[in-house]
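Visitor:
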Ligand SMILES: Nc1ncnc2c1ncn2[C@@H]1O[C@H](COP(=O)(O)OP(=O)(O)OP(=O)(O)O)[C@@H](O)[C@H]1O
Ligand SMILES: [Mg+2]
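In my numbering, the protein residues as written are 8 to 237.
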């Protein structure tokens, strides 16, 4: 791989302060971070250290008070609301602790949804959604409604929904936080299997997640304190 390759994600001097309960919390304090294209980065740190805030700023769910966020050549901090919504829809796939599926929709409909929002042809969307469900081993559950699936199956559908659009960046915030260790291991293996096809940032408390990463970045009190290559 050429050494000069531009990072997919580049943060410089990112600050995020919250005013709540009569106090100001500095959730991010001058964060500089580069993530290479195709890299799998685990973001670890104690509860309240700023992991969710950091991935939220990268994914365009939240705006920093200062600093710059660039993803896939897009100046995320400079986007107005329409462009920001398009960025979140097209460039980033999200997986959270809770799957957040539409309960009455089938697995296939849930996974098709982002493509339909992107105004793709419905038949093409269905075919791609079916392939994405196959990639998480759930083709046989395509016609099940989300509420009829187990927690682990729902999280696999959520992963398929995040990946169906072929996002440049996958952001996962505690993706195994609600799962038992065996189910977690399956999700970890799946995330790892997408490494290289997309760039992945996973915020986690789970050692098994950190162990599969190419690099681990540690955050404490809103500051990145260490990044180690595995
Ligand atoms: N919307 C908000 N309003 C005010 N303070 C907030 C808000 N969101 C986060 N914070 C504060 O910012 C800090 C960082 O929170 P964040 O959710 O990023 O931590 P985290 O590392 O993801 O923690 P956890 O591991 O518990 O998920 C915390 O002190 C938190 O209380
Ligand atoms: Mg969090």
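We put the beta carbon where it would ideally sit given N, CA and C, even for glycine.
Is residue 115 buried or exposed, if buried means 16 or more other CB atoms sit within 10 Å of its CB?
Guide: Taking the first residue of the chain shown as position 1, residue 115 is located at position 108. Buried is the call here.
Visitor: Label residue 51 either buried or exposed according to how many other C-beta atoms from any shown protein chain fall within 10 Å of its C-beta, with 16 as the threshold for buried.
Guide: Position 44 of the chain shown, counted from the first residue, corresponds to residue 51. Classification of residue 51: buried, given that the 10 Å Cβ count is 16 or more.
Visitor: Can you name the residues that DSSP bridges to residue 20?
Guide: Taking the first residue of the chain shown as position 1, residue 20 is located at position 13. Answer is none; residue 20 lacks a bridge partner.
Visitor: Quick one: any contact between the region 75-86 and the region 28-39, if contact means 3 or more CB pairs under 8 Å?
Guide: Contact fails: fewer than three Cβ-Cβ distances are below 8 Å.
Visitor: Based on the DSSP output, what are the partners of residue 77 in its beta bridges?
Guide: For the purposes of this step, residue 77 is taken as the residue at position 70 of the chain shown. BP columns for residue 77 point to 17, 82.
Visitor: Can you list, in chain order, the residues of its chain whose CB lies under 7 Å from that of residue 9, leaving out five sequence neighbours each side?
Guide: Locating residue 9 in the chain shown gives position 2, counting from the first residue. Unreliable positioning characterises residue 9 in this predicted model, as indicated by a pLDDT of 49, which lies under 50. A coordinate reading is not provided.
Visitor: Ignoring anything shorter than 3 residues, give me the beta strand (DSSP E) runs that lie fully in the region 25-77, in order along the chain.
Guide: Within the region 25-77, the complete beta strand (DSSP E) runs of at least 3 residues are 30-42, 47-51.
Visitor: List the residues that DSSP assigns as beta-bridge partners of residue 100.
Guide: Numbered from 1 along the chain shown, position 93 holds the residue referred to as residue 100. 177.
Visitor: Any contact of the region 169-186 with the region 110-128, i.e. 3+ C-beta pairs under 8 Å?
Guide: Touching, per the Cβ criterion.
Visitor: Leaving out the 5 sequence neighbours to the left and right, which residues in its chain are closer than 8 Å to residue 69 when beta-carbon positions are compared?
Guide: The residue you call residue 69 lines up with position 62 of the chain shown. Correct list, in chain order: 23, 60, 63.
Visitor: Contact between the region 95-106 and the region 175-182 is defined here as three or more beta-carbon pairs at a separation below 8 Å; is this criterion met?
Guide: Contact holds: three or more Cβ-Cβ distances are below 8 Å.
Visitor: Nearest CA to the CA of residue 93: which residue from 125, 144, 111, 148?
Guide: For the purposes of this step, residue 93 is identified with residue 86 of the chain shown, where counting begins at 1. Checked all of 125, 144, 111, 148; the closest Cα to residue 93 is 125.
Visitor: Do you know how far the Cα of residue 192 is from the Cα of residue 128?
Guide: As a position in the chain shown, residue 128 is number 121, starting the count at 1. As a position in the chain shown, residue 192 is number 185, starting the count at 1. So the two alpha carbons sit approximately 35 Å from each other.
Visitor: Any heavy atom of ligand 2 inside 6 Å of the beta-carbon of residue 183?
Guide: Stepping through the chain shown from its first residue, residue 183 is reached at position 176. Flag unset: Cβ of residue 183 not near ligand 2.
Visitor: Are the region 85-92 and the region 133-149 in contact at 8 Å, needing three or more beta carbon pairs?
Guide: Short answer: they don't touch.
Visitor: I think residue 21 touches residue 53, with their Cβ atoms under 8 Å apart; what is that distance to the nearest whole Å?
Guide: In the chain shown, counting from the first residue as 1, residue 21 sits at position 14. In the chain shown, counting from the first residue as 1, residue 53 sits at position 46. The pair is not a contact, with the Cβ atoms about 19 Å apart (cut-off 8 Å).
Visitor: How about residue 58: is its Cβ closer than 6 Å to a heavy atom in ligand 4?
Guide: Only ligand 1 and ligand 2 can be found as ligands here, which leaves ligand 4 out of the picture.
Visitor: How about residue 117 and residue 108: are their beta carbons less than 7 Å apart?
Guide: Stepping through the chain shown from its first residue, residue 117 is reached at position 110. Stepping through the chain shown from its first residue, residue 108 is reached at position 101. Closer than 7 Å, so yes.
Visitor: According to DSSP, residue 231 sits in a beta bridge with which residue or residues?
Guide: To locate residue 231, count along the chain shown from 1; it is residue 224. Looking at the DSSP assignment, residue 231 forms a beta bridge with 226.
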